[in-house]
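No gaps in the numbering here: position 158 of the sequence shown is 158 in full-length UniProt numbering, and each next residue is one more.
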Amino acid sequence: MTRVLVVEDEPQLVRALEINLKARKYEVDSAQDGAAALQLAAARPPDAVLLDLGLPDMDGIEVLKRLRIWCRAPILVVSARTTSDEKVEALDSGADDYITKPFSMDELLARLRVATRRVAPAVRSADGGVVTTQAFTLDLLAKKARRDGHDVRLTPTEWHLLEVLIRNRGTLVTQRRLLQEVWGPTYRTQSNYLRVYMAQLRRKLESDPSHPRYLITAPGMGYRFEG
């Protein structure tokens, strides 16, 4: 059965979605806030996610970005936010579709069918957000890093930088995009920030920081994570 994770804080809507999804042979998990959604997704990897943006504990965009670090399942945003900028932000953050409330249940189910047809069953990094290499292990949900059997302390900014790179694993992420996502739009030209933080991450994680294997620089362009 296809497992759908419903992330929504309106009980009546959750109930309606559960009834309609189960009637069509979907397995349904539900979470009323972002923290519960992330924990549930790690414990029971979904094949698709229906995600509201107006959650009580954190913005749905943050949930979306964290899921996209390791979760390849299609994520359909279901939100009352209607501006073009908000839709673009959600899609740029990794959403596969955007459905505006109020919506037709038949339309939502049709879009869900299309989204789940496009991909194989969800695959996650080992054990829900754990990235393992020969040199180090990163638990992205618990924010724990280990190298050579020892804990490694990473700052919140270092974690954020890693998360963006891992979310785009194997793909070049431009300096401008990294600066905007980690520090904000006013820092888009401050490439020295990236040089400093990438050097710190290599010292902490790479076996040979001067010849990095995982945190790769494309001179003058950006960085990518290989692992």
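Where is the CB? At the ideal position from N, CA and C, for every residue including glycine.
When the options are compared against residue i, the one with the closest alpha-carbon
i, options, result
"Ile-61", "Val-77, Ala-110, Arg-3, Met-221", "Val-77"
"Asp-139", "Ile-69, Asp-57, Gln-12", "Ile-69"
"Asp-33", "Ala-23, Ala-80, Val-14, Glu-27", "Val-14"
"Leu-55", "Ala-95, Phe-136, Glu-10, Ile-19", "Glu-10"
"Arg-147", "Arg-167, Ala-31, Ser-207, Tyr-98", "Ser-207"
"Lys-101", "Thr-83, Arg-117, Ser-93, Asp-92", "Thr-83"
"Leu-161", "Ala-110, Arg-195, Arg-111, Gly-149", "Arg-195"
"Leu-50", "Arg-188, Asp-97, Ala-142, Tyr-187", "Asp-97"
"Ala-31", "Asn-20, Ala-23, Pro-46", "Pro-46"
"Leu-172", "Pro-219, Glu-107, Gly-129, Pro-185", "Pro-219"
"Ser-93", "Arg-81, Glu-181, Met-221, Arg-153", "Glu-181"
"Arg-103", "Ala-80, Ala-43, Val-88", "Going by the sequence as given, residue 103 is Phe instead of Arg. Per the Cα distances, Ala-80."
"Ala-43", "Gly-129, Ala-110, Gly-149, Arg-177", "Gly-129"
"Ala-95", "Met-105, Arg-111, Thr-189", "Arg-111"
Same chain, Cβ closer than 6 angstroms to residue i, five either side skipped, listed in chain order
i, result
"Arg-202", "Pro-209, Pro-212, Leu-215"
"Ser-191", "Gln-175"
"Leu-108", "Ile-99"
"Lys-87", "Tyr-98"
"Arg-105", "Note on residue identity: the sequence assigns Met, not Arg, to residue 105. Answer for Met-105: Asn-20, listed in chain order."
Cut-off 8 angstroms between Cβ atoms - residues of its own chain near residue i, not counting five sequence neighbours on either side
i, result
"Asp-151", "Lys-144, Ala-145"
"Thr-217", "Met-198, Tyr-223"
"Ala-35", "Asp-57, Met-58"
"Met-221", "Leu-172, Thr-174, Gln-175"
Nearest-angstrom beta carbon gap, residue j and residue i [assumed within contact, 8 angstroms]
i, j, result
"Val-7", "Asp-52", "6 angstroms"
"residue 233", "Ala-90", "As shown, the chain starts at 1 and ends at 227. That puts residue 233 outside it, with no answer to give."
"Ile-115", "Pro-156", "The identity of residue 115 in the sequence shown is Ala, whereas the question assumes Ile. Wrong, their Cβ atoms sit about 32 angstroms apart, outside the cutoff."
"Leu-205", "Phe-136", "5 angstroms"
"Ile-166", "Val-131", "6 angstroms"
"Leu-67", "Ala-41", "6 angstroms"
One or two residues paired with residue i in a DSSP bridge
i, result
"Ile-216", "Arg-224"
"Arg-146", "Thr-137, Asp-151"
"Val-173", "Tyr-223"
"Thr-132", "Thr-137"
Sequence-distant residues of its chain with Cβ nearer than 7 angstroms to residue i (five each side left out)
i, result
"Gly-170", "Arg-224, Glu-226"
"Glu-163", "Ile-69, Leu-140"
"Glu-158", "Tyr-197, Gln-200, Leu-201"
"Lys-25", "Met-1"
"Val-28", "Val-4, Val-6, Glu-18, Leu-21, Lys-22"
"residue 230", "The structure shown does not extend to residue 230, since the chain is modelled only from 1 through 227, so no value can be given for it."
"Val-133", "Per the sequence shown, the amino acid found at residue 133 is Thr instead of Val. Closer than 7 angstroms at the Cβ level, and outside the excluded window around Thr-133, lie Tyr-214, Gly-227."
"Ala-142", "none"
"Leu-154", "Ala-145, Lys-204"
Any non-hydrogen atom of the ligand HEM closer than 8 angstroms to residue i Cβ
i, result
"Lys-25", "Within the structure as shown, the ligand HEM is missing, as the structure has no ligands at all."
is_contact[residue i, chain C] using C-beta, thresh 9 angstroms
i, result
"Gln-12", "Protein chain content of the structure displayed is limited to a single chain, and chain C is not contained in it."
Give the list of continuous beta strand (DSSP E) stretches no shorter than 3 residues that lie fully inside the UniProt domain "Response regulatory" (3-116).
3-7, 27-31, 48-51, 75-79, 97-100
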